[in-house]
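So for the sequence shown, numbering that gives the first Met the number 0 puts the first residue at 0; every next one is plus one. Glycine is no exception: its CB is placed at the ideal position from the N, C-alpha and C atoms. Values in this document were obtained by computation on a predicted structure and should not be read as measured data.
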Amino acid sequence: MAYETLIVETRGNVGLVTLNRPQALNALNSTVLKELKEAYAAFHADETVGAIVLTGSERAFAAGADIKEMQPLEFADIYKSDFISGWEEVAKARKPVIAAVSGFALGGGCELAMMCDFIIASETAKFGQPEITLGVIPGMGGSQRLTRAVGKAKAMDLILTGRMMDAAEAERSGLVSRVVAPERLLDEAFAAAEKIASLSRPSVMMAKEAVNRAFETTLEEGLRFERRLFHSLFATDDQKEGMAAFVEKRKPAFTHR
Ligand code: CAA
Numbered sequence: 000m001a002y003e004t005l006i007v008e009t010r011g012n013v014g015l016v017t018l019n020r021p022q023a024l025n026a027l028n029s030t031v032l033k034e035l036k037e038a039y040a041a042f043h044a045d046e047t048v049g050a051i052v053l054t055g056s057e058r059a060f061a062a063g064a065d066i067k068e069m070q071p072l073e074f075a076d077i078y079k080s081d082f083i084s085g086w087e088e089v090a091k092a093r094k095p096v097i098a099a100v101s102g103f104a105l106g107g108g109c110e111l112a113m114m115c116d117f118i119i120a121s122e123t124a125k126f127g128q129p130e131i132t133l134g135v136i137p138g139m140g141g142s143q144r145l146t147r148a149v150g151k152a153k154a155m156d157l158i159l160t161g162r163m164m165d166a167a168e169a170e171r172s173g174l175v176s177r178v179v180a181p182e183r184l185l186d187e188a189f190a191a192a193e194k195i196a197s198l199s200r201p202s203v204m205m206a207k208e209a210v211n212r213a214f215e216t217t218l219e220e221g222l223r224f225e226r227r228l229f230h231s232l233f234a235t236d237d238q239k240e241g242m243a244a245f246v247e248k249r250k251p252a253f254t255h256r
């Protein structure tokens, strides 16, 4: 399929999506949303793909929702169309998605990175929610996902002032899982994605579901949910194979990959 705003490719068992609107620092417009949903759907349908890497350019992962597209919009129109709600579909990807972030990840760009399962950042990465400087507030989940990721103090600081934080601060705050040199970024994200793709798919997908459930429910319900998923994995060939391989001191050959 030909994409206008993305480069979409498969490398081995990993799907790679590169945001590609360099003239607008990868600002997220309605075409990016439509194409990202299509790319994810294609990867989900492709049995060979076990994990996805989402990246941008060296200068910008994405500098936010497209301000030029939003500028003329009126309340009644965006309310009626429930503007932005389509991004929730992107956040609900069932296969693991790793964000590889270099340069600006601002506004919707930071929010898109947070829709991924974890973020690997280059030393050049800059995160922020500058919507307040435009007379609005985050609209793609920033007030909710950033607060859950970094806590109230840091989220309020970033959202109320609109300031950016660098990769070191983002790692300290728990927003990103690793920071690497710019030239290592894609290799690092690929290595993590390949590792995930080599594992048993049901256990990977259930692990993702279980962690995400921690953000939605009480501890007691979350623990019960985790335990039931854990129990259910004993119905898979891959639990038999994974544990047998450990005991026999060999590499597992998982069926469901
Ligand atoms: N939307 C549309 N176009 C954008 C954009 C955005 N979010 N961010 C950058 N661009 C465009 C610029 O307009 C510029 O285009 P022109 O050359 O045609 O003028 C081009 O990208 C390069 O940008 P700059 O010249 O501004 O580059 P810079 O290096 O001087 O500054 C920057 C970089 C600090 C990231 C600056 O571009 C900037 O502040 N961008 C906007 C960041 C922002 O406010 N993001 C939040 C958007 S609102 C949002 O996301 C709402 C939501 O939660 C859903």
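Given residue i as reference, the closest of the options once Cα atoms are compared
| i | options | result |
| --- | --- | --- |
| Glu168 | Ser121, Val210 and Arg200 | Ser121 |
| Ile51 | Leu32, Gly85, Ala26 and Ala92 | Ala92 |
| Gln22 | Gly161, Ala154, Phe42 and Ala61 | Ala61 |
| Arg227 | Lys239, Gly241, Arg212 and Glu240 | Arg212 |
| Asn12 | Ile118, His43, His230 and Glu247 | His43 |
| Asp116 | Gly141, Ala244 and Glu208 | Glu208 |
| Phe229 | Glu247, Leu32 and Ala206 | Ala206 |
| Gly134 | Lys151, Ile66, Ala188 and Met113 | Ile66 |
| Ala99 | Lys36, Val175 and Ala38 | Val175 |
| Leu24 | Glu37, Ala38, Lys33 and Thr4 | Thr4 |
| Arg200 | Phe253, Gly150 and Pro71 | Phe253 |
| Ser197 | Gly127, His255 and Thr30 | His255 |
| Pro47 | Ala166, Arg10 and Met113 | As written in the sequence, residue 47 is Thr, which differs from the Pro given in the question. With distances taken between Cα atoms, Thr47 lies closest to Arg10. |
| Ala59 | Thr123, Met69 and Pro129 | Thr123 |
| Met204 | Leu184, Glu187 and Ser231 | Ser231 |
| Glu170 | Gly161, Lys153 and Ala41 | Lys153 |
| Asp156 | Arg177, Ile195 and Gln128 | Gln128 |
| Phe233 | Phe245, Ser202, Leu184 and Ile6 | Ser202 |
Beta-bridge partners of residue i, as assigned by DSSP
| i | result |
| --- | --- |
| Ala8 | In the sequence on display, residue 8 carries Glu and not Ala. Leu15. |
| Asp186 | The partner list for Asp186 (beta bridge, DSSP) is empty, contrary to what the question assumes. |
| Leu27 | Ala64 |
| Thr146 | Answer by DSSP bridge pairing: none, since Thr146 is not bridged. |
| Lys125 | Phe103 and Asp165 |
| Thr54 | Thr17 and Ala99 |
| Arg177 | Ile119 |
| Ala192 | Ala192 is not bridged to any residue. |
Span separating the alpha-carbon of residue i from that of residue j
| i | j | result |
| --- | --- | --- |
| Ile97 | Ala90 | 12 Å |
| Leu15 | Arg147 | 27 Å |
| Ile158 | Thr216 | 25 Å |
| Gly107 | Arg249 | 45 Å |
| Lys239 | Phe82 | 47 Å |
| Tyr2 | Lys33 | 10 Å |
| Lys79 | Leu105 | 26 Å |
| Glu8 | Tyr39 | 11 Å |
| Asp237 | Glu247 | 15 Å |
| Glu182 | Asn19 | 19 Å |
| Ile131 | Val31 | 23 Å |
| Leu53 | Thr17 | 6 Å |
| Ala64 | Ala243 | 49 Å |
| Ala26 | Pro251 | 42 Å |
| Val179 | Ala75 | 44 Å |
| Glu220 | Phe214 | 11 Å |
| Leu35 | Leu222 | 33 Å |
| Glu225 | Pro95 | 18 Å |
| Ile77 | Ala188 | 35 Å |
Any C-beta of chain D under 7 Å from that of residue i
| i | result |
| --- | --- |
| Ala206 | Structure shown: chain D not included; a single protein chain is present. |
Whole-Å CB distance - residue i paired with residue j, under 8 Å assumed
| i | j | result |
| --- | --- | --- |
| Ser101 | Gly55 | 7 Å |
| Arg144 | Glu110 | 7 Å |
| Phe126 | Met164 | 5 Å |
| Ala191 | Ile119 | 7 Å |
| Val210 | Gly173 | That belief does not hold up - the Cβ atoms of Val210 and Gly173 are roughly 14 Å apart, past 8 Å. |
Residue i beta carbon near the ligand CAA (any heavy atom closer than 6 Å)
| i | result |
| --- | --- |
| Phe245 | no |
| Glu219 | no |
| His33 | Contrary to the premise, residue 33 reads as Lys rather than His in this sequence. Lys33 Cβ: outside cutoff for every heavy atom of the ligand CAA. |
| Lys125 | no |
| Ile131 | no |
| Met113 | no |
| Phe103 | yes |
| Leu15 | no |
| Pro137 | yes |
| Ile77 | no |
| Gly63 | yes |
| Ile66 | yes |
| Leu198 | no |
| Ala38 | no |
| Leu24 | yes |
| Gly55 | no |
| Gly85 | no |
| Gly134 | no |
| Gly11 | no |
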